[in-house]
Structure formats: structure tokens, C-alpha cells
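Single-structure report; data block below.
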Amino acid sequence: MLLQMRGWDRLMGMNARNEFIARHNPPAAVRLVNDKFATKAALQAAGISSAPTLRTISSRQELGRLNWAEMPDTFAVKPNQSMGGSGILLAAARLDVESWCSGSGRPIPLLELKDHVRLVIDGEFSPRARDIALFEPLLIVHPELAELTFQGLPDVRVICIGDKAIVAMLRLPTSASGGRANLHQKAIGAAVDLDTGRISRAWLDGQIIAEHPDTGAPLAGVRVPEWADVLDLARRCAAVTNLHYLGADVVVDRSRGPLILEVNARPGLQIQNVTGQGLLDVIEAEVIG
Amino acid sequence: MVGRVLHRSKVPVPPLPVVVRVLVAVVALGILLIGIIFAPDRSTSRSTSPTIGEQETVRITGPTGKTIEAIARVDTGATASSIDEDLARQLGFDLENAEMVTVRSSLGREKRPAVVGVVQIAGQAFASRLNVTDRSERSNPVLLGRSDLAGFQVQVGQRLLTTPGEERTPSALGALLAEVPALGPSELLALLPLAALVVVLLRVVVGIQTLGIFSPVLLAFGYTQAGLSAGLVLTALMIGLGFAAQPLLRRFRLPRVARLTVLIGLVTVVLLVVQELAGPGETTSWGAALPVVVTAVILERLWETWDLDGWRDASIEAGFTMAVAVLVTVLLLAPTVRGLAETVPLPLAISCAIWAAVIGTYRGLRLTELARFGSTAQARKAIEPAPEMSEVR
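These protein sequence lines are chains U and R, in that order.
Residue numbers are given in our numbering: position 50 of the first sequence equals residue 45, and the series is strictly consecutive.
Residue numbers are given in our numbering: position 101 of the second sequence equals residue 156, and the series is strictly consecutive.
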């Protein structure tokens, strides 16, 4: 009976995670990282690279005054306090002075763009009734990872306790996930070895897989480019945000290199299925030691 | 930097040791037991004079032997008992040739037909002279007056204390299907921590996700007042409307708050129309309002879940919310629980609140997570070192 339970006791469930977060993450820090704009300001002040902000729109007047002709050829619109990465609109290429097309080539009319920004401002994608729309430059996948993704931007989720990284996974978009790097929406989770930066195993929807279902590229052994810098960025987030237990999402942009996309105060538990290792294994050693 | 953790704010509080939590739970049990032991004996004389409430289920038998069950209003302010005209006809009474009696009521004096039927209430059966009148606008088809209440003690503020065949309290299902508010406001208050305890158990130990953590409790309160069938129909109707309205209202680009307001307005109108058609009755007004308000809160969460996880997950959570609400309702109406709420309301509330808090600190895996992490746990078992070797480490 004891032997049968041994596989379970190192797995962290929602109860353990919520209790751990309540004890270790101060509420002010959690509020900070829910506000992407404030997080980026804090990171930039500490010299940690993150996705730059081109503009912010927080009211209908500002939206009305926005000169769309001056917008760059590619950009992304994100809600400042969105939940789960919803509400992101990508303008991948410019078709005309005031029109763009999406990543899959579909043209986006200017009216749709304005509507989307209006939805964001009205708090459609955030827990509150109002929100701010952030315009960021469109980030492009690094060429070394281009084969491992389908029409999206892969990111590395690094779970840290304080300034020590304890586990990391690469999230790879698929056609099923609609180009989103969200495990819950059927993106691939690839466990990354902390020392070498190489993928040790890949997990999709409950199965271990060897190659990307859309591109066919083999996954095991692929190295995340500029891995040392990726880890370094993730490790420095705790000091800046004052979070003790966090999940840092890092992207490797084609031209700008590793950037912090966002910092999560409540990182998910699916990483245990991806790496095949319970989080309590590593965490308890950290807290006691 | 190995092993050192940077943490500028206060030192993290260590988790409560299991011993402390068990002790607290035992203390809560002690509070409840002491309350039960020292509770004043509320029951008065038993089998000689059964206690009934303001409304009880009765069985009336007509001249043909046909028996119908109905909820009767117990009114010690009325001289005689009366029965609804339609019900009397259903029982086979011949109203045209019945004797006429003069009845003094709030409407003045009027002549009504009087019939004699056998009334069964709280385990006693007797012949009763019932005057027949149109009670379709009243909340109960039968009224028992002083002439028939001689052998009973009436407990004001209580309802449904008995079943017609015996003096026992009706089962939870019986009380639910009777569609009469079985719990008064003070009983509900005393039972609130118990309902919270059940919900916390289901979420934290079993892992059932509902739309809103405590909304099943509020729904359950509404169901105890409005009756189960009315309550469930209302909730299902609102959730259905919520599912249908989302894409329609989205097309008009209404913001979230406006969508919710339109929905509440829609449902309120539907409720009012239904009430008009069904006729007045004290159960429909307050009892129906509560589930509507709560469901509005639930709908917000429904739309959020739909946006994040898709309509399948949203409908599953909606189903679970209603199921948990039904479970809590049935529990609240169980005779033992009602008895506890009546005799030891304060100790019950305190103990349940403490237990709910203790269970809220449970740190282990939820039952639903056993499925989610099953394969990982299996894989880890395969590579776990043998116990002897781990000590060498």
C-alpha cells in the first residue's frame, strides 16, 4: 500500500500549489505581475529585456486620436490584464496604409482592429470592467526553433523559486492550438534540461511524441538558442517582482534575442506531466535546504 | 547561490502541522456534542398530542373512496375547515346536492356547500366537515380550522413536520417535492456553514469545479424556498439563455456588463409572465427571486469559462454547479439535519464553520487530479529508488 502511494506523494496538486503561493507570494507582487505594463517597467528598470511597448490605449478618445498610418508594418495588440493569453491580435504584414493581415494571411479590416481595441478597453478579456490595450512589436520565432512550431511563437516557461530555476519547458504551438503556445489548447510541452538547454522529452495531450505533428521535425535533443541568457533572465525576475514562486515566460526573438514575455504568479501544474517529475520533489528541497 | 533563496518580504509562515488541524477539528466536534447534550428539550408531549406546523401534507378521502394528497394550511384562527371546489369535485363529492351552510369569513357571510370527508394528518384519521369554496387563488387547496385541530399542537413558524400516515418528518425528497418552503430564514442561517462545508469538501478533496465557489449554496437556498422543480427549471432556463445570448449579444458588440443586464431583464420578464399565468401564491415571489440573482452571478463565470476553455468545459461546470446545488438542498432538508438546526443552531454553525476552515487547508491531491497526473505517477513509480538505497543518499 505504501509502495503504491509512493508515485503520488511528490506530485503537486492545486491545493498544495494554492497553499504554497498563499504563503510565499506577497499579494502586492501578484498584483504587479497581473499588470503587464507595470511588470515591463519594473523589469526594464532592472535592466532585464522584455518585449517593448509601442503605445498604450486606455480610452475611446485615445483610440479615436490614434493615427493608424504611423503604426509599424507588424505589431501585436494585447490586453494589459488578460487571463490565459486571450485577446491577443497579431498584425503580421501590412497590406495597405491602414490595413494589415493576420499570421495566416487573412486580411484584417481597420474596423475589426478598432473593434478589437474597443473590446480590450471595455475589459472583455480581463477580470475588470476596464483595461488598457498594449501595442507591441511583433516577435518572430528564432530560426533554430522555426521548424518546431506552427504559425506561432514558442516560449520557454521557467519555474523559479527565488533566484534558482528548478524546471523548464518549451511550449510549441500547433495547428490544433491555433498558433497559441497554450498547453490547455493542445500545444506541445517539451521538457528542457536545465544544464544543456536541450529538449529531453515532448508531451502532447497525454502522449509522449517524437516529432511535431504539423511540421514533422524531430523534437528530442533540439537546443534552445541562447539558453544561458534565457535562464539568466528568468532567474532575475524574483528579485524584481518580489515573487518567491513564479513562472517566467521567455521568448527568443529572431532579432532581439531572449525577452521576458510575462511573469506568472500562479504557474500551472501541467509541467509535471511534461517533465514526468513531481514539483514537490524539487520545491521541498529548496524550502528546507 | 545554490540553495539560497532571495526573499525580501516577511519570512514565509510554515504550514499548520497536521496535529494542530486534527486538534481544531476535534474541538469543533466537542462544541457540537456539548451543544447537543445540553440542548433544552424542545419536544412537548409526544404521541398523545402530535405537533404539526403551519402547513402539512394531508390526505382526503371522498365518498367513492378516492384519496388525494394535498398541502393544507393549518389555521387556528379559522372556525371550520374548507376545501377547494375543484379538489372536492375530483374527490367525487356531489356539490349540487350537498347541504348548504352559512360561513362567516373575511368576505362577509356567504352560503357554501359542506361535505364530509376523511382527513388523514400526522398519523391520525378523522371525519371532517369541509365547506367548499373557490380556493384557486389561495396558496393551499385545503384549510384546517379549529374544529379539526383539537388533538394537535400547532408549532408556528414550522412547516411540513409530519407525513399524513405518521408523525414522522418527511424525507428530504418528500419535502423538496412538496414545493412548500420547508426552511425558515433562521434555520437557513444556521445551516449556511454546513452547506459551505459540503461545498469546500467537494472542491478541495474531490476536485469538482463549479461556476463560482459558493454559488451552489445560494442556489440551494433558493431551491429550498421555491421547490426543486421550479428552481431547477429556472436555473436551466437561465443557463440556456446565457449560452444562447452570448453569441447574439456579442454580435451587437455589447460590453460584458450590458450583456448581463440584458439577460437579467429578459429572465425577470419571463418570471413575471410565468407568475401572472400561474396565479398568485406566496412561494413564487421571494423564492423565485433568489435563484435569479444567483444565476446572474453564475452566468458571468459561465461566459468567462467559455472564453477561456471552450463551451464544453463551460457546460460541464454548469452541470456540476446544478448537481452540487441539488445535493446541498437535499442535505439541508434531511430530517436529521433539520432537527439539528432546530435544537442546536449555534453549535452546529460554529462546528461546521471550523471544519470547513480546517478542510480548506488540505494540501493533498484532489480526486480528479488522480486522473490528470495518473500516467506521470505511474512513470515515476517505475524509476523510484528502493527504500534502502534512498537512505544511503
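Ideal Cβ positions, reconstructed from N, Cα and C, are used throughout, including at glycine.
All values derive from a computational prediction rather than experimental measurement.
Strictly under 8 Å for the Cβ-Cβ distance: is residue i near chain U by that measure?
i: R:Pro310; result: yes
i: R:Phe428; result: yes
i: R:Gly267; result: no
i: R:Pro440; result: Reliability fails at R:Pro440, whose pLDDT of 49 lies under 50, so the model's placement of it is uncertain and no value is given.
i: R:Tyr417; result: yes
i: R:Ile363; result: Position check: residue 363 of chain R holds Leu in this sequence, whereas Ile was assumed. So, interface residue.
i: R:Thr339; result: Note that R:Thr339 scores a pLDDT of 48, beneath 50, so its modelled location is shaky; the value from the coordinates is reported in the next line. It does not: the Cβ of R:Thr339 has no partner Cβ on chain U nearer than 8 Å.
i: R:Val73; result: no
In chain order, what residues of the same chain have a beta carbon less than 7 Å from the beta carbon of residue i, not counting five sequence neighbours either side?
i: R:Ile353; result: Leu266, Gly267, Ser270 and Thr376
i: R:Gly200; result: Asp130, Ala133, Thr134, Ala135 and Ser136
i: U:Gly157; result: Ala233 and His239
i: R:Gln301; result: Trp358 and Trp361
i: R:Ala396; result: Glu242, Ala245, Leu246 and Leu403
i: R:Ala380; result: Pro271, Leu274, Ala275 and Tyr278
i: U:Leu61; result: Ile52
Chain U partners of residue i, CB-CB under 7 Å?
i: R:Val413; result: Near R:Val413 there are no residues of chain U at all, since even the closest Cβ is about 13 Å away, more than 7 Å.
i: R:Val259; result: Asn10
Please compile the residues from chain R whose C-beta is within a distance smaller than 9 Å of the C-beta of residue i.
i: U:Gln267; result: Phe428 and Thr431
i: U:Leu6; result: Leu420, Glu424, Phe428, Thr431, Ala432 and Arg435
i: U:Ser81; result: Asp362 and Leu363
Excluding the five sequence neighbours on either side, which residues of its own chain have a C-beta within less than 8 Å of the C-beta of residue i, listed in chain order?
i: U:Leu6; result: Gln267, Gly273, Leu274 and Leu275
i: R:Met155; result: Lys166, Arg167, Pro168 and Ala169
i: U:Val28; result: Thr34, Thr236, Leu238, Leu241, Glu257, Val258, Asn259 and Ala260
i: U:Gly8; result: Leu264
Please decide whether residue i counts as near chain R, where near means a Cβ-Cβ distance under 8 Å.
i: U:Ala124; result: yes
i: U:Glu14; result: yes
i: U:Ala11; result: yes
i: U:Gly271; result: yes
i: U:Asp91; result: no
i: U:His179; result: yes
i: U:Gly201; result: yes
Who are the near neighbours of residue i in its chain, counting only those whose CB is closer than 6 Å to its CB and skipping five residues on each side?
i: U:Arg125; result: Gly118
i: R:Ile91; result: Val399
i: R:Val413; result: Arg76, Val79 and Ala80
i: U:Asp68; result: Arg89
i: U:Ser172; result: Gln180, Lys181 and Ala182
i: R:Ile294; result: Ala373
i: U:Gly216; result: Arg193
In chain R, which residues lie with their C-beta within 8 Å of the C-beta of residue i?
i: U:Asp117; result: Pro310 and Arg311
i: U:Asp248; result: Within 8 Å Cβ-Cβ: nothing; U:Asp248 doesn't reach chain R, min ~27 Å.
i: U:Met164; result: Result: empty, since nearest Cβ-Cβ is about 13 Å, beyond 8 Å.
Could you tell me which residues DSSP pairs with residue i in its beta bridges?
i: U:Ile183; result: U:Leu167
i: R:Gln208; result: R:Thr106
i: R:Leu274; result: DSSP output for R:Leu274 lists no bridge partner at all.
i: U:Asp244; result: U:Arg152 and U:Glu257
i: R:Ser194; result: Its beta-bridge partners do not exist; DSSP assigns none.
i: U:Trp198; result: U:Gly184 and U:Ile203
i: R:Gly200; result: For R:Gly200, which the question treats as bridged, DSSP gives no partner whatsoever.
i: R:Ile176; result: R:Gln179
i: U:Ile116; result: U:Ile116 pairs with nothing; no bridge assigned.
i: R:Lys166; result: R:Thr157
i: U:Gly252; result: U:Asp248
i: R:Asn186; result: R:Ser137 and R:Ala169
In chain R, which residues lie with their C-beta within 7 Å of the C-beta of residue i?
i: U:Asp110; result: Arg308
i: U:Met78; result: Leu363
Any chance the segment 196 to 210 of chain R sits against the segment 363 to 372 of chain R, with 3 or more Cβ pairs inside 8 Å? no
Three or more beta-carbon pairs under 8 Å between the segment 111 to 127 of chain U and the segment 68 to 75 of chain U, yes or no? yes
Would you say the segment 251 to 258 of chain U touches the segment 159 to 170 of chain U, given that touching needs at least three Cβ pairs under 8 Å? no
Decide yes or no for the touch test of the segment 157 to 177 of chain R against the segment 185 to 199 of chain R: beta carbon pairs closer than 8 Å, at least 3 of them. yes
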